[in-house]
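Enquirer:
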Amino acid sequence: MKALLILGLLLLSVTIQGKIYERCEFARTLKRHGMDGFKGVSLANWVCLAKWESSYNTRATNYNRGDKSTDYGIFQINSRYWCNDGKTPRAVNGCHVSCNALMNDDITQAIACAKTVVSDRQGIRACKSAQQVEPQKGNGGEEICVQLFT
Numbered sequence: 302m303k304a305l306l307i308l309g310l311l312l313l314s315v316t317i318q319g320k321i322y323e324r325c326e327f328a329r330t331l332k333r334h335g336m337d338g339f340k341g342v343s344l345a346n347w348v349c350l351a352k353w354e355s356s357y358n359t360r361a362t363n364y365n366r367g368d369k370s371t372d373y374g375i376f377q378i379n380s381r382y383w384c385n386d387g388k389t390p391r392a393v394n395g396c397h398v399s400c401n402a403l404m405n406d407d408i409t410q411a412i413a414c415a416k417t418v419v420s421d422r423q424g425i426r427a428c429k430s431a432q433q434v435e436p437q438k439g440n441g442g443e444e445i446c447v448q449l450f451t
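Sequential numbering of the sequence shown, starting at 302, is according to the numbering used here.
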């Protein structure tokens, strides 16, 4: 009985954590969904965005006290403008999707919403974090993400 309880708790913690992508797996998934160069945004920029926003965690959330909105999923898509969480005041739901759908291990809906966000007239600037990170080459030639403070 005790073993079943422990197993149940372990399974619960796995479902709460969500999927944490490896960088290359995430990049391949984005490429398969046509994200490389979508609206002029490079695959490297998408990967950096997800690295800094969610550490590649599909279940990441961040509450914003100022406007009482929440950022959801691997891209940290905001409930004020892009998804419906049922609790954000004056939400727009530009992606016509539940915020919970943006936290699925299958990131197809999150990718579709990210495409909607960058198709906005502001483009990638509609993502606050995209203004703060960019890919650069490290000393060994590997691509790294650099936090910008501009």
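For glycine and all other residues, C-beta sits at the position ideal for the given N, C-alpha and C.
Taking just the CA atoms, how far does K320 sit from D407?
Expert: One-based indexing of the sequence shown puts residue 407 at position 106. One-based indexing of the sequence shown puts residue 320 at position 19. Taking the straight line from one Cα to the other gives about 9 angstroms.
Enquirer: What is the DSSP secondary structure of F339, counted as helix, strand or coil?
Expert: Working through the sequence shown from its first residue, we reach residue 339 at position 38. F339: strand per DSSP, three-state reduction.
Enquirer: Between the C-alpha atoms of V393 and I378, what's the straight-line distance to the nearest angstrom?
Expert: The residue given as residue 393 occupies position 92 in the sequence shown. The residue given as residue 378 occupies position 77 in the sequence shown. Straight-line Cα distance between these residues: approximately 12 angstroms.
Enquirer: Apart from the five residues just before and just after T417, which ones in its own chain have a Cβ nearer than 8 angstroms to its Cβ?
Expert: By 1-based counting over the sequence shown, the position of residue 417 is 116. Taken in chain order, the residues that qualify are W383, G395 and C396.
Enquirer: I need the DSSP call for I321, collapsed to helix, strand or coil.
Expert: On the sequence shown, residue 321 is found 20 positions in, with the first residue counted as 1. Here I321 sits in strand by DSSP.
Enquirer: Taking a contact to mean a Cβ-Cβ separation below 9 angstroms, would you say F327 touches V348 in this structure?
Expert: In the sequence shown, the residue the question calls residue 327 occupies position 26. In the sequence shown, the residue the question calls residue 348 occupies position 47. A contact, by the Cβ cut-off of 9 angstroms.
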